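Each step along the sequence shown adds one to the number in UniProt numbering, with nothing skipped, and position 71 is 71. Positions of the beta carbon are idealized from the N, C-alpha and C atoms, including for glycine. All values derive from a computational prediction rather than experimental measurement. Here's the structure we're looking at; comments come further down.
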Amino acid sequence: QVKHRPGPFKQTNKSHKHGKHRSKGKLDEINSGRVGAKSISRRLHHALSKQQRQNRLSQIRKHKRQEVLTKKRGIGNLGSVPHIIAVIPLSLHAVDSNKIVNDITSCDETANIIKGYSGTTLVSNSYKATFTILQPPLKDLYACLDAAKIADTILFVLSASNEIIDSYGHHCLSCLFAQGLPTSIVTAQGIINHSGKKQHEIKRNIQKIVLQKFSKEKWFHLDTQQDAQRILRIAATTKLQKITYREIRPYLLAETVEFNECDSSDNGVLQVTGYLRGHSLSANNLVYIPGSGEYQLLKITAPPNPSLNSNSRRSSTDQVIESMEEDMRVLDEADPAMQETLIAEADIDTLNDEQTWPTEEELQQADERKQKMKRNRKFAVPAGTSSYQACWIDDDADDDENNFSNDDIPDAVEYDHDEPASPVSYHAYSSHEGESKTVTFSTVMDGDAINYDQEMDWERERTELEKMRAEKEDRTFPDEIDTPLNIPAREAFIDYRGLRSFRTSPWDPKEDLPRDYSRIFQFQNFKHTRKVILSSNEESNVQIGWYVTLHIKNVPRDIADNLQTHRPLVIFGLLQHEQKASLDEKSAHLLNISFKVILIVDRMMFQVGFRRFSASPMFSQHSTGNKHKLERFFRTNEAIVATMYCPIMFPPAPVIVFRENEDGGFSLVATGSLLNVNPDRTVVEKIVLSGHPYKIHKRIAVIRYMFFNREDIAWFKPVELYSKFGRRGHIKEALGTHGHMKCIFDKQLKAHDTICMNLYKRNFPIWDYNPIV
């Protein structure tokens, strides 16, 4: 019997959905008799009532206010750390900084004046404050930077003349802005020397400059002692700006400096006395002297504080120190087992080397032999050849290849490199009848022309011209080079490789590392190490605000003599690992003040936070990814990363780059910040080999001028080709033996297109770090 099957138009009703959830009645039955747990959950989750939340916020506000007041009272009050004011004039000839310092120190007749090594300390009972006035030497940029590092307030002094800020002032401001400014006060000197109408015009110009440079509207007069009193009152009540890189480290401004030389060597103990700031210090930590390097501490003692007289209010710490006996004033002494070492380079494991390497003595002996052979080499030249002309003769060529001999040259002479030639006259050979004539140049020239030529460095001029031409060519044809004719391309570019994609292709950062990499230290996770060191930077025996003497051992005599200047001396304490060498990355931005081309091999001066040193950096693009393209030139208004061998430093830290001028001074080149410490950063140099279409047939073309022999084509056959018009292709085969090759592309080429091939090689910086600048 056949069962009826419903058709497509059969009505099908939805079934009742029962049992998939509990009904309301069922839920009421389950929950009947239960007690709400709201009160229990509030206690477990620490929920606060409205009144409790208000009380908690009030306590947080009071705690923050108390922290601000404690920090403010810890600087500048009687019995505490003096408030440091650095006086920086922005016009060398129109501002009298000596008068400003005299007005500030003499505005309170009852104050106690103490002359120190770095500045003048003013202990005022009227203001109930203590100030230290720093006056860095004029035209000393490093002194201004060191004073700004340590200062709580910078007093900028403008001129009331036509030139409110001169060229030195603009240069100094650019460096200070890049370094990071503390609290600043802008003043002007000399306004009272002008009439009323002239004063109005000068004030308007000063207001415009202050708003443009400092982004503030307030500035003050500084001509009388009443003006100086107002400046001190403003400095004592203004909120202080926080500078992170100095707050996480201990630092000290030298009040007195004394050098005790040891009998056994030229090294001695440098005793630097001052107030400890920033962070607590231990005698086991290392200290850094700007421009000199790192040193170890022998001990830390507590000398008598000259700013505390009988009428001054003493803090509890000062009372404890004053109550100590003379032989018990040692606050902390270095423990050889716990003290940080001065080891900056890692031990080289020579067993890991897979090849022999000549020693420094062998390389030096080879250079000496080469120079000696060159000096002793004598060869025949035509009669009358000068020393300059003889230098251009190829003395390394074989005698068999010469087309002439001594017999072919009438009056031929043997020229010796060691024998000087006369700059006035020489004998010239004439081909007519073997005659010899003497050509004499007059030595009487215009005096101004002689002086001008003597003052000019023509070798430097020629070098700068070559740099400008190379930079222009690199800007017009980036990374393109010509394939050499006399050397096979597979030998000339043996260190280069092709990449399918610069962004995604792998590159092992541990591959083919130079020998210098065995001398540096590397972190497994630099960011985690920095976080651990900063969080574990516990309080040490010597606290902030103590008047202490640092006994720095093994300081050379010449370093101590160089410190005996009027430049402020600042001592910084180092964090853990900051004396060790590694590969640091610094982000830099070239300012629009460069008038010369900067090559990657140029030596520069760096100031990174509190450090100052010289090095030859390696520039690369500031990009993402695991590979970064090498930059041959440092161009204006371009963000770039400078990589170099130098001691480790934990960010944040500002970076200032200087370059040496012809007159021996230094000009500001770039500013930036410290990025990272990463030896695995892969900086890749890119070169482009170019060729031109010779014959084109649809997608197939014959390319020439990229290579000049058949073997080079076979060597670079796996590398991908591309054109400047966007075509992609590869090499199929070589045609003939003179460098023509058949290539196939994704689309047909145009006759005026250019075919390119990218090759890459990893580069490393040069190890020439010098801490003494």
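Could you pull out every residue in the same chain whose Cβ sits closer than 6 angstroms to the Cβ of Ser-723, ignoring the five residues on either side in sequence?
If we look at Ser-723 and ignore the five residues flanking it on each side, its Cβ neighbours are Asp-753, Ile-755.
Straight-line gap, Asp-495 to Phe-502 (C-alpha atoms, nearest Å):
About 17 angstroms.
List the whole-angstrom C-beta distance separating Val-657 from Met-604, where the pair is believed to meet the contact cut-off of C-beta under 8 angstroms.
The distance from the Cβ of Val-657 to that of Met-604 is about 6 angstroms, consistent with a contact at the 8 angstroms cut-off.
For Ser-91, which option in Ser-126, Ser-106, Gln-189, Cys-175 has the closest C-alpha, if you only look at C-alpha atoms?
Scanning Ser-126, Ser-106, Gln-189, Cys-175 for the CA closest to the CA of Ser-91 turns up Gln-189.
What residue from Lys-71, His-63, Ile-703, Ser-106 has the CA that sits closest to Gln-225's CA?
Ser-106 is the residue among Lys-71, His-63, Ile-703, Ser-106 whose C-alpha sits nearest the C-alpha of Gln-225.
Secondary structure at Tyr-251, three-state DSSP: helix, strand or coil?
Under the three-state reduction of DSSP, Tyr-251 is assigned to strand.
Just to confirm, is the Cβ distance from Thr-183 to Asp-152 under 8 angstroms?
In this structure, Thr-183 lies near Asp-152, with their beta-carbon atoms less than 8 angstroms apart.
Nearest-angstrom Cα separation, counted from Glu-685 out to Lys-761
One C-alpha to the other measures close to 5 angstroms.
Give the straight-line distance between the Cα atoms of Gln-271 and Ala-670, rounded to the nearest whole angstrom.
If you take the alpha carbons of Gln-271 and Ala-670, they lie about 36 angstroms apart.
Is Val-157 closer than 8 angstroms to Ser-97 when the C-beta atoms are compared?
It is a contact, given that the beta carbons lie within the stated cut-off.
Excluding the five sequence neighbours on either side, which residues of its own chain have a C-beta within less than 6 angstroms of the C-beta of Arg-710, listed in chain order?
Taking Arg-710 as the centre and dropping the five residues before and after it, the same chain places the C-beta of Ala-734, Thr-737 closer than 6 angstroms to its C-beta, in chain order.
Apply the 10 Å Cβ neighbour rule to His-551 and answer buried if 16 or more other Cβ atoms are within range, or exposed otherwise.
Note on His-551: 16 or more other CB atoms within 10 angstroms of its CB, so buried under the neighbour-count rule.
Give the range of the beta strand (DSSP E) segment to which Leu-674 is assigned.
Taken as a continuous stretch (DSSP letters only), the beta strand (DSSP E) holding Leu-674 covers 666 to 677.
Let me make sure I understand the geometry here. Which of Leu-145, Val-123, Asp-103, Trp-715 has the alpha-carbon closest to that of Thr-110?
When each option's Cα is compared against that of Thr-110, the closest is Val-123.
Val-555 and Gly-268 look like a contact to me (Cβ under 8 angstroms); what is the Cβ gap, rounded to whole Å?
Rounded, the Cβ-Cβ distance is 6 angstroms, consistent with contact.
Which residue's Cα is closest to the Cα of Lys-130: Asn-193, Ile-85, Met-338?
First, the residue type needs correcting, since residue 130 is Thr and not Lys in the sequence shown. It is Ile-85 whose Cα lies nearest to the Cα of Thr-130.
Alpha-carbon to alpha-carbon, Glu-360 and Glu-368
Looking at the two C-alpha atoms, the distance is approximately 12 angstroms.
Less than 8 angstroms between the CB atoms is what I'm expecting for Leu-759 and Ile-687, so what's the real figure, rounded?
With a Cβ gap of about 5 angstroms, Leu-759 and Ile-687 count as contacting.
Relative to the C-alpha of Asn-770, which residue among Thr-273, Lys-717, Gly-293 is closest?
Closest in C-alpha terms to Asn-770, from the list Thr-273, Lys-717, Gly-293, comes Gly-293.
Straight-line Cα distance separating Arg-659 from Trp-767
Distance from the CA atom of Trp-767 to the CA atom of Arg-659, rounded to whole angstroms, is 18 angstroms.
Cα-Cα separation, Phe-764 to Thr-529
Cα-Cα distance, rounded: 25 angstroms.
Please classify His-4 as buried or exposed, where buried requires at least 16 other C-beta atoms within 10 Å of its C-beta.
Note on His-4: under 16 other CB atoms within 10 angstroms of its CB, so exposed under the neighbour-count rule.
Bridge partners - Thr-256, DSSP secondary structure assignment
Looking at the DSSP assignment, Thr-256 forms a beta bridge with Thr-273.
According to DSSP, is Asp-146 helix, strand or coil?
In the structure shown, Asp-146 sits in a helix (DSSP, three-state: H, G or I).
Does DSSP put Tyr-769 in a helix, in a strand, or in coil?
DSSP places Tyr-769 in coil when its eight states are reduced to three.
Strictly by DSSP, which residues pair up with Ala-188?
Ala-188 is bridged by DSSP to Leu-158, His-221.
Where does Ile-494 sit, in a helix, a strand or coil, going by DSSP?
Looking at Ile-494 - three-state DSSP - the assignment turns out to be coil, as it is neither helix nor strand.
At 3 residues or longer, and completely inside the stretch 531 to 580: list those beta strand (DSSP E) runs for me, N to C.
Listed in chain order, the complete beta strand (DSSP E) runs (minimum 3 residues) inside the stretch 531 to 580 are 547 to 555, 570 to 573.
Measuring alpha carbon to alpha carbon, tell me which residue in Lys-586, Lys-627, Glu-345 is nearest residue 854.
The question about residue 854 has no answer here: the residues shown for the chain are numbered 1 through 773.
Count the other CB atoms, across all protein chains shown, that sit within 10 Å of the CB of Phe-9; report buried if there are 16 or more and exposed otherwise.
An exposed status is given to Phe-9, since fewer than 16 other beta-carbon atoms sit within 10 Å of its beta-carbon.
N- and C-terminal bounds of the alpha helix (DSSP H) containing Ile-206
That run of the alpha helix (DSSP H) goes 196 to 213.
Span of the beta strand (DSSP E) around Lys-695
Under the DSSP assignment, Lys-695 falls in the beta strand (DSSP E) whose first and last residues are 682 to 697.
Alpha carbon to alpha carbon, what distance is there between Arg-557 and Cys-262?
C-alpha separation (whole angstroms): 10 angstroms.
Beta carbon of Pro-136 nearer than 8 angstroms to that of Arg-567:
Against a cut-off of 8 angstroms, the Cβ pair of Arg-567 and Pro-136 comes out as a contact.
Please report how far the alpha carbon of Tyr-517 lies from the alpha carbon of Asp-146, in whole angstroms.
Tyr-517 and Asp-146: Cα-Cα distance of roughly 33 angstroms.
Status (buried if at least 16 other CB within 10 Å, exposed otherwise) for Gln-371
That one is exposed.
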